[in-house]
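Q: Attaching a single structure in structure tokens format; questions to follow.
Residue numbers (the numbering used here), protein chains in the order written: chain D, 32 to 422; chain B, 32 to 422.
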């Protein structure tokens, strides 16, 4: 066990798709040339294909949080009343951004590990007819919970408010019918299911959202969605684009298109299902039993064991980086990621390692139990289940 | 299971060490410059450190077979009598090369899966006092067998013959005391335990072997060991060196030095031990039960199952490339590699996948059985074995 490969297994940055990484080596080009313009336009066109929308998709050189900021500063006006659905650290970020720009925020919260119920949003919309926007996470990656954006989107659509969905870890891990479900703004980031390093974010913007942009009075300069959308249509960018990441994105999108967005989602969902089965088989408790998403599975550390020990065990014993809990969840949970470039061989390795780490830290495990649970889920999905497995 | 990562898990080319791959991006340098000379000299110096010898180490731009060819054409003369120890496809290659250059070959063979016994070599040396060289594989990677080069080397040393060891998969998987055991020529290749792509081979040459070089009369031009050794000492190369691979080698050698050659060997041996335990736990038969090496473990396919089905299962179901048998062993065995950049997370994944492939092809497996055997070997070696595992 002297060799411990560096394995990035977090819910973002996620494991890199090697051909995308290699494509970055062609960065010795200039962004104001026809050569780059072609790549840029093709990447943006592919992005619309995999997001499944004909709406404008606006790219930004920023992390996902930059796109969240831009969706507030470009679409709202000072004092606007908005609803924030908050079920974790990223819900709290929506509130922070909205308040920073002087919006009036009604927070609908759910405890960490749960999701905000559509009924609560519907009731709040009915009680507050002045609401201009509803903010949510499709996937709250701090807890692993998924929100029912379909039901909420269909409710928001009937009002004059727009629905802004942080889908940074939602895209590629759950179906998102942007136009069918009334998702006015859908935000994604490069370092998630798109399998490339951080540095690019993007948002789809509906005609209803563009309408709000016309009257928005909040200050912004770098994040100018209208200007960026207009430039993008011509293969240009308002400011210097992150050329290396665009090259990587173009390559990764070719791959995502080749397997299909539905299959990428199915892949994450199957890995998530197998991870939940493994956790249960190992006597562990899921942190998000009622609304589990497929981006990441949060699992409680055994009673009396700090989850940091598990994270440390992965790093020191096996060289792998997995995620601890964030904020007050730190030490209580650990998170196994599934979004993007993850496969079953990854999960076999993660669960076998987890078994050994748990065992070494006082949570006895019959070796192979969790792996077998993963194998059962795979076998069932692949149609290769043999009666011999049923004991 | 829609994502299947490309995983190169063969006994050569072996998995690449990513920083070595990245180092190749600095290839925009010229080989007749002080900048490159420094890198070349430092890589060759490190190579001697990890090989543990003060003998000349001669680098060649070739595959390992080129270095095998060079060791014959540079050190022997037409009609020389040599002994070839042959226990697999690579032993047969020694005979082929020796015969191509007009040497008189006495073959000492062992059946595939076995090793040539030192006693046979000692007897042949006693019976043939005109023998000028003894050729062997330290590790015969077509079968996974290891030869006792220590005992044989100590016997050859007492004669006027030189001992030429193909250690292409032996280096980094077994101890090789070059000077202590009388190993006159030890051959290595870049794409094995050195974790970089194919294209560079190297040989250590003892003073006794250099002495033979002085009288050698076999034709050669490109492979000129004396000239290459002289140039290497000055940081030069006789012909254009493979600069990208030298950059990669320099980086990989830094890593091997950082963990230590003894630990790299221990790593391979532990993975091999765990693989053998998994095979037995899964009811499979080892192809090389008596002389197993640590470069690769050859396992027989279950009765009635072509091993190609297992290889195909890895590729089609999981995207991983493992090795089939070679020549007449094709279809009968499959080979799990351990040499170089392999770790336990790799092995957990390989064994869990193997379980599913066997099961899907009519060899019923209780899922997790093989993985548990691997975990037990790890736990014992790491001192984290808990009494609960003993049933």
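We treat Cβ as the ideally placed atom computed from N, Cα and C, and that holds for glycine.
Since the model is a prediction, treat every value here as computed from it, not as a measurement.
Which bits of chain D does residue 35 (chain B) rub up against, with CB to CB less than 9 Å?
A: The answer, in chain order, is 374, 375 and 376.
Q: On the CB-based measure, 16 or more other CB atoms within 10 Å of its CB, does residue 90 (chain D) come out buried or exposed?
A: It is buried - the Cβ of residue 90 (chain D) has at least 16 other Cβ atoms within 10 Å.
Q: Determine, using beta carbons only, whether residue 411 (chain D) comes closer than 8 Å to chain B.
A: Not one chain B Cβ lies under 8 Å of residue 411 (chain D).
Q: Please confirm whether residue 455 (chain B) has its beta-carbon closer than 8 Å to some beta-carbon of chain D.
A: The requested residue 455 (chain B) is not part of the displayed model; chain B covers only 32 to 422.
Q: Is residue 57 (chain B) near residue 278 (chain B), with beta carbons less than 8 Å apart?
A: Yes, they are a contact pair.
Q: Under a CB-based cut-off of 8 Å, is residue 129 (chain D) close to chain B?
A: Output row for residue 129 (chain D): interface = no.
Q: State the start and end residues of the unbroken beta strand (DSSP E) segment that holds residue 364 (chain D).
A: Run containing residue 364 (chain D): 364 to 368, per the beta strand (DSSP E) assignment.
Q: Put residue 316 (chain B) into one of helix, strand or coil per three-state DSSP.
A: The answer is coil: DSSP assigns residue 316 (chain B) none of H, G, I, E or B.
Q: So, does the segment 342 to 351 of chain B touch the segment 379 to 393 of chain B, judging by three or more C-beta pairs under 8 Å?
A: Contact between the segment 342 to 351 of chain B and the segment 379 to 393 of chain B is present, because at least three Cβ pairs lie under 8 Å.
Q: Use the C-beta contact count for residue 418 (chain B): other C-beta atoms within 10 angstroms, 16 or more gives buried, fewer gives exposed.
A: With a pLDDT of 48 at residue 418 (chain B), under the threshold of 50, the predicted position of this residue should be treated as unreliable, though the coordinate-derived value follows. Label assigned to residue 418 (chain B): exposed.
Q: Using beta carbons (cut-off 8 Å, strictly below), is residue 421 (chain B) in contact with chain D?
A: With a pLDDT of 40 at residue 421 (chain B), under the threshold of 50, the modelled position of that residue is not reliable, and no figure is offered here.
Q: By Cβ distance below 7 Å, which residues in the same chain neighbour residue 284 (chain B) in space, the five residues on each side in sequence not counted?
A: Here the set comprises 74, 77, 78 and 81.
Q: Given this structure, state the Cα-to-Cα distance separating residue 148 (chain B) from residue 175 (chain B), to the nearest angstrom.
A: Cα to Cα, residue 148 (chain B) sits roughly 16 Å from residue 175 (chain B).
Q: Below 8 Å between beta carbons: does that hold for residue 100 (chain D) and residue 128 (chain D)?
A: Yes. Within cutoff.
Q: Can you list, in chain order, the residues of the segment 287 to 298 of chain B whose Cβ is nearer than 8 Å to any Cβ on chain D?
A: Answer set for the segment 287 to 298 of chain B: 290, 291, 294, 295, 297 and 298.
Q: Using the rule of at least 16 other Cβ atoms within 10 Å of the residue's Cβ for burial, across every protein chain shown, is residue 197 (chain B) buried or exposed?
A: With 16 or more other Cβ atoms within 10 Å, it is buried.
Q: What does residue 170 (chain D) pair with, by DSSP beta-bridge criteria?
A: Partner(s): D:177.
Q: Would you mind telling me which residues of chain B sit closer than 7 Å to residue 171 (chain D), beta carbon to beta carbon, in chain order?
A: The contacting residues do not exist; residue 171 (chain D) stays about 23 Å from chain B at best.
Q: Is the beta carbon of residue 170 (chain B) less than 8 Å from the beta carbon of residue 371 (chain B)?
A: Cβ atoms of residue 170 (chain B) and residue 371 (chain B): not closer than 8 Å.
Q: Kindly indicate which residue of B:173, B:381, B:408 and B:411 has the alpha-carbon position closest to the one of residue 406 (chain D).
A: The option with the nearest alpha carbon to residue 406 (chain D) is B:381.
Q: Applying the criterion that 16 or more other CB atoms from any shown protein chain within 10 Å of the CB defines a buried residue, is residue 394 (chain B) buried or exposed?
A: Burial call: buried.
Q: Nearest CA to the CA of residue 217 (chain D): which residue from D:109, D:140 and D:95?
A: Comparing Cα-Cα distances from residue 217 (chain D) to each of D:109, D:140 and D:95, the minimum goes to D:95.
Q: Determine the chain B residues that contact residue 406 (chain D) at a beta-carbon separation under 8 Å, and present them in chain order.
A: Correct list: 383, 386, 387, 398 and 399.
Q: Can you check which of these residues, D:408, D:289, D:39 and D:390, is closest to residue 414 (chain B) by C-alpha distance?
A: Of the listed residues, the one whose Cα sits closest to residue 414 (chain B) is D:390.
Q: Checking the sheet assignment: what are the DSSP bridge partners for residue 117 (chain B)?
A: For residue 117 (chain B), which the question treats as bridged, DSSP gives the partners B:140.
Q: Below 8 Å on the Cβ atoms is my guess for residue 353 (chain D) versus residue 367 (chain D); work out the distance and round it to an integer in Å.
A: Going by Cβ atoms, the distance from residue 353 (chain D) to residue 367 (chain D) rounds to 6 Å, so yes, they are a contact pair.
Q: For residue 5 (chain D), count the other beta carbons within 10 Å of its own beta carbon; 16 or more makes it buried, fewer makes it exposed. Which is it?
A: There is simply no residue 5 (chain D) to check, as chain D begins at 32 and stops at 422 in what is shown.
Q: Would a check of beta-carbon distances place residue 56 (chain D) closer than 8 Å to chain B?
A: Residue 56 (chain D) counts as touching chain B.
Q: Thinking C-beta only, is residue 296 (chain D) closer than 8 Å to residue 205 (chain D)?
A: Yes, the pair counts as a contact, with Cβ atoms nearer than the cut-off.
Q: Check this for me: beta carbons of residue 356 (chain D) and residue 364 (chain D), under 8 Å apart or not?
A: It is a contact, given that the beta carbons lie within the stated cut-off.
Q: Can you tell me which residues form a DSSP beta bridge with residue 331 (chain D)?
A: The partner list for residue 331 (chain D) (beta bridge, DSSP) reads D:364.
Q: Classify residue 422 (chain D): buried if its beta carbon has 16 or more other beta carbons within 10 angstroms, exposed otherwise.
A: Low confidence applies here, because residue 422 (chain D) scores a pLDDT of 41, under 50, leaving its location unreliable; read the following figure in that light. Label assigned to residue 422 (chain D): exposed.
Q: Which residue marks the beginning of the alpha helix (DSSP H) containing residue 385 (chain B), and which one marks its end?
A: From DSSP, the alpha helix (DSSP H) with residue 385 (chain B) extends over 375 to 391.
Q: By the 9 Å beta-carbon criterion, what residues does the segment 230 to 262 of chain B contribute toward chain D?
A: Those residues of the segment 230 to 262 of chain B that come within reach of chain D (Cβ to Cβ, closer than 9 Å) do not exist; the list is empty.
Q: Along the alpha helix (DSSP H) that carries residue 155 (chain D), what are the first and last residues, could you check?
A: Per DSSP, residue 155 (chain D) belongs to the alpha helix (DSSP H) from 149 to 158.
Q: With hydrogens ignored, establish whether the beta-carbon of residue 173 (chain B) is closer than 7 Å to any heavy atom of the ligand ATP.
A: The ligand ATP is absent from the structure shown, which contains no ligand whatsoever.
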